[in-house]
Amino acid sequence: AQSVAQPEDQVNVAEGNPLTVKCTYSVSGNPYLFWYVQYPNRGLQFLLKYITGDNLVKGSYGFEAEFNKSQTSFHLKKPSALVSDSALYFCAVRDGSGNTPLVFGKGTRLSVIA
Amino acid sequence: EPEVTQTPSHQVTQMGQEVILRCVPISNHLYFYWYRQILGQKVEFLVSFYNNEISEKSEIFDDQFSVERPDGSNFTLKIRSTKLEDSAMYFCASTKERAPYNEQFFGPGTRLTVL
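Taken in sequence, the protein lines are chains A and B. Positions 1 to 114 (this note's numbering) are the ones given, in order, by the first sequence. Positions 1001 to 1115 (this note's numbering) are the ones given, in order, by the second sequence.
Below, the structure written as structure tokens:
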């Protein structure tokens, strides 16, 4: 069965510093990987995804994520954090066969301190 | 930019009562989904829906749950007889195509509180 682990419930970073939100996954086949962000009282907003090809994918708001097949990871990164990046971040995976639904991690709360 | 909308934002009900959660997917999307998130836990898949039929459902989606697209715009989730453990945030999502690499677009959620 596919699964996603986000090992950190909370990540704190100072504004202007680089940030990383960790995600590891488990699927039986090739993975499709997604990052979503949730701001207070809003739905989950799509940030970026990995399908195939270049391991470094770039998404909205300056975020990027690196797919690492050997480590089964898909960590979310941003070179310089903003206070407005403070939100709840979800990693999700879907098996490439398409026969299984989207599976989410439990989320990581990012707090960027001015 | 088109958005998925959900109503109500918060629903409080008594145990055993029926509730209907409503969603309006993005207008040209064809695939619809419901997820739930119990407080402090993962977002969990409930059901997917296409062409007026359930495509997939999880083990959570038992006989107490049903979905319907009553008209060309709404997509509803009904819980027939609510239990305390149904208290959660319920998210609706939609996609234009079924391909598994397509991102899903989520609504803001309905917080269901069962007393």
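Where is the CB? At the ideal position from N, CA and C, for every residue including glycine. Just so you know, these numbers come straight off a predicted model, no measurement behind them.
In three-state DSSP terms, what is leucine 88/A? Three-state DSSP puts leucine 88/A in a strand.
Identity of the residue in Val1012/B, Arg1080/B, Tyr1031/B nearest phenylalanine 1106/B by Cα: For the set Val1012/B, Arg1080/B, Tyr1031/B, the Cα lying nearest the Cα of phenylalanine 1106/B is the one of Tyr1031/B.
Taking C-beta to C-beta, are threonine 1095/B and histidine 1029/B nearer than 7 Å? Using a Cβ distance threshold of 7 Å, threonine 1095/B and histidine 1029/B count as a contacting pair.
Compare the beta carbon distance of valine 1114/B and leucine 1077/B with 7 Å and say whether it is the shorter of the two. Annotated as distal: valine 1114/B and leucine 1077/B, with beta-carbon spacing of 7 Å or more.
Establish whether the CB of valine 1114/B and some CB of chain A are separated by less than 7 Å. Among the residues facing chain A, valine 1114/B is not included, as its CB has no counterpart in that chain under 7 Å away.
Please report the straight-line C-alpha distance between asparagine 5/A and serine 1081/B, rounded to a whole angstrom. It should be noted that the sequence gives alanine, not asparagine, for residue 5/A. Rounded to whole angstroms, alanine 5/A to serine 1081/B spans 33 Å at the Cα level.
Arginine 1036/B classed as buried or exposed, judged by whether at least 16 other C-beta atoms fall within 10 angstroms: With 16 or more Cβ atoms within 10 Å of its Cβ, arginine 1036/B is classed as buried.
Of the residues that make up the stretch 7–40 of chain A, which ones have a beta carbon closer than 7 Å to any beta carbon in chain B? For the stretch 7–40 of chain A, the set of positions with a beta-carbon nearer than 7 Å to some beta-carbon of chain B reads Tyr32, Phe34 in chain order.
Should isoleucine 51/A and tyrosine 32/A be called a contact, given that it needs their Cβ atoms to be closer than 7 Å? Taking 7 Å as the Cβ cut-off, isoleucine 51/A and tyrosine 32/A qualify as a contacting pair.
Count Cβ pairs between the stretch 66–81 of chain A and the stretch 1005–1025 of chain B that sit closer than 8 Å; are there 3 or more? At 8 Å Cβ cutoff, the stretches do not touch.
Can you pull out the residues from the stretch 45–56 of chain A whose beta carbon lies closer than 8 Å to at least one beta carbon of chain B? Listed in sequence order: Gln45, Phe46, Lys49, Ile51.
Does the stretch 101–112 of chain A touch the stretch 76–89 of chain A, meaning 3 or more C-beta pairs lie closer than 8 Å? The answer is yes - the stretch 101–112 of chain A touches the stretch 76–89 of chain A, with three or more Cβ pairs under 8 Å.
Determine, using beta carbons only, whether lysine 69/A comes closer than 7 Å to chain B. No, lysine 69/A does not count as interfacial toward chain B.
Leaving aside the five residues before and after asparagine 1102/B along the sequence, list all residues of the same chain whose C-beta is less than 6 Å from its C-beta, in chain order. Excluding sequence neighbours, asparagine 1102/B sits near Thr1095.
Let's see if you can read the secondary structure: which residues bound the beta strand (DSSP E) around isoleucine 1026/B? In the DSSP annotation of this structure, isoleucine 1026/B is not part of any beta strand (DSSP E), being labelled neither H nor E.
Below 8 Å between beta carbons is the criterion; list the residues of the stretch 1098–1110 of chain B that meet it against any residue of chain A, in chain order. Arg1098, Ala1099, Pro1100, Tyr1101, Glu1103, Gln1104, Phe1105, Phe1106, Gly1107, Pro1108, Gly1109: these are the residues of the stretch 1098–1110 of chain B whose beta carbon lies less than 8 Å from some beta carbon of chain A, given in chain order.
What would DSSP say about serine 60/A, mapped onto helix, strand or coil? DSSP places serine 60/A in helix when its eight states are reduced to three.
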